[in-house]
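Have a look at the structure below before the remarks.
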Amino acid sequence: MDLFDNYNKTLEEVYPSLFYPNEDDDHSVLDMDTLVTLKTNATRSYEPVRKKFYFGDENNEIDGTGWLYKPTKNWCQEETINWLMTAASTIGQPYSLIQHSLAVPGNELITFTKDDFKAHDPAYGDKLYDLLPPQHMFSPLDTIHPHFEDEYTRINSSSSTSDAESDNNSIDVSTTKRSPGRPRILKPKKNATSQGKLWEFIRDLLRNRETCPSLICWEDYSQAKFRFVKSDEVAKRWGSRKGNTKMTYEKLSRAMRYYYKSKIFQPVLGKRLVYQFGPNAKGWQTDNPNFRR
């Protein structure tokens with residue numbers, strides 16, 4: 001039994017519904033952070049499967065949702081497989097029907113065109129390609145300046161932390177070269193929260209008649225989904241607030257992904273420019289969505 005078959009067998013034991021789905025099951029998926037459906041009185045919400053399993057060596061523990069929090073090109077083969085499992089569930093097909101030739105590391109996966117996906121998997125390749133996270137596309141920064149990758153973390157690293165974490169990180173150790181024997185100098189960090197957090201900025205745009213629905217609008221208020229109408233303009237305004245004249249929507253969307261783990265934002269599969277507030281987002285509710293009254 002090769003490595004892939006062993007992994008496949010493990011997944012079958014952990015997630016049997018992905019291999020032998022019940023035809024009566026509802027396979028609709030709200031976001032990429034889900035494999036388990038929970039019913040609530042208002043609407044359906046989704047929780048990621050946190051159950052971990054082992055890949056060959058017991059010291060090599062794998063989290064089935066790890067692929068969600070990194071660029072596609074950084075996925076290892078196992079993370080690509082985990083994404084394929086989620087995508088298979090999204091399109092309502094058992095994972096066993098997905099062609100294994102697509103289970104490649106992310107740096108290879110991002111080179112596949114839609115035709116390549118269809119060549120590897122004639123039955124579902126086009127649907128799988130459409131579900132691939134948009135950040136799989138190459139950007140000029142990836143090719144010319146690889147060290148600029150994850151710039152969104154540098155710009156917005158404080159945005160996804162709690163207020164308590166921000167307080168705890170209010171001082172930094174100076175890295176200035178010093179003479180031997182001299183103690184390190186602690187100097188205050190610039191307060192990154194003074195200009196507001198990205199998710200609050202977006203929330204406030206939705207609550208402002210001057211920007212909603214002209215720049216951003218509610219796509220489906222009942223499910224907390226919103227859509228960027230003029231994404232470049234929103235990015236420009238955020239950049240102006242942060243003092244970054246080179247802010248683009250690509251960088252802003254990367255920063256938004258930083259909130260997935262904290263469940264402030266949730267991605268929406270298959271819809272470009274559409275996001276969803278998560279259960280930890282506060283204050284977005286309004287009695288007049290898109291100011292139609």
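With UniProt numbering applied, the sequence shown has no gaps in its numbers, which climb one by one up to 293 at the end.
Backbone N, C-alpha and C define an ideal beta-carbon position, used for all residues, glycine too.
Top-ranked residue by Cα proximity to residue i, from the options
{"i": "Q93", "options": "L128, G239, E233", "result": "L128"}
{"i": "D232", "options": "Y221, D220, T245", "result": "T245"}
{"i": "K73", "options": "T65, E210, F112", "result": "F112"}
{"i": "L198", "options": "L269, D126, R254", "result": "R254"}
{"i": "Y69", "options": "G196, Y259, D287", "result": "Y259"}
{"i": "K242", "options": "P279, G196, G270", "result": "G196"}
{"i": "R272", "options": "N288, T286, I91, E250", "result": "E250"}
{"i": "G270", "options": "P122, T90, D116", "result": "T90"}
{"i": "N288", "options": "Y221, P279, P122", "result": "Y221"}
{"i": "P122", "options": "V274, L97, W83", "result": "L97"}
{"i": "N107", "options": "P279, P71, W83", "result": "P71"}
Nearest-angstrom Cα separation, counted from residue j out to residue i
{"i": "R237", "j": "M256", "result": "15 Å"}
{"i": "P213", "j": "V229", "result": "8 Å"}
{"i": "A281", "j": "A119", "result": "41 Å"}
{"i": "L206", "j": "V234", "result": "11 Å"}
{"i": "I264", "j": "E200", "result": "10 Å"}
{"i": "E210", "j": "S262", "result": "29 Å"}
{"i": "residue 300", "j": "R293", "result": "This structure cannot settle anything about residue 300, because the visible part of the chain is limited to 1 through 293."}
{"i": "G239", "j": "M247", "result": "5 Å"}
{"i": "P267", "j": "I110", "result": "19 Å"}
{"i": "N82", "j": "L252", "result": "26 Å"}
{"i": "V274", "j": "W67", "result": "20 Å"}
{"i": "L215", "j": "N208", "result": "10 Å"}
Proximal residues to residue i (C-beta, below 6 Å), its chain only, five neighbours per side dropped
{"i": "A87", "result": "L128, L131"}
{"i": "W284", "result": "R203, F277"}
{"i": "F117", "result": "G125, L128, Y129"}
8 Å CB neighbourhood of residue i in its chain, flanking five on each side removed
{"i": "P105", "result": "W75, C76, Q77, T80"}
Residue span of the alpha helix (DSSP H) that contains residue i, given as start and end
{"i": "residue 299", "result": "Here the chain covers residues 1 to 293 and nothing more, so residue 299 does not appear."}
{"i": "Q77", "result": "77 to 90"}
{"i": "V234", "result": "231 to 242"}
{"i": "G196", "result": "That residue, G196, is in no alpha helix (DSSP H); it is neither H nor E in DSSP."}
{"i": "L68", "result": "Segment: none, L68 is in no alpha helix (DSSP H) and carries neither H nor E."}
{"i": "L97", "result": "Neither: L97 is in no alpha helix (DSSP H) and is coded neither H nor E."}
{"i": "M256", "result": "249 to 257"}
{"i": "G270", "result": "Where G270 is concerned, there is no enclosing alpha helix (DSSP H), given that its DSSP letter is neither H nor E."}
{"i": "L102", "result": "First-last for L102: undefined, no H or E at that position."}
{"i": "E108", "result": "106 to 109"}
Cβ shell of residue i (< 7 Å), same chain only, five flanking positions each side left out
{"i": "N290", "result": "C212, P213, C217, W218"}
{"i": "K114", "result": "D126, Y129"}
{"i": "T286", "result": "R207"}
Segment limits, beta strand (DSSP E) that includes residue i
{"i": "F117", "result": "Where F117 is concerned, there is no enclosing beta strand (DSSP E), although the alpha helix (DSSP H) it sits in stretches over 114 to 120."}
{"i": "K225", "result": "225 to 228"}
{"i": "residue 298", "result": "An answer regarding residue 298 cannot be provided, because it is not within the stretch 1 to 293 covered by the chain."}
{"i": "Y275", "result": "274 to 277"}
{"i": "F291", "result": "Note, F291: premise wrong, no beta strand (DSSP E); not H, not E."}
{"i": "P267", "result": "265 to 267"}
(message) Counting beta carbon pairs with one atom in the region 98 to 106 and one in the region 216 to 225, are three or more of them shorter than 8 Å?
(response) no
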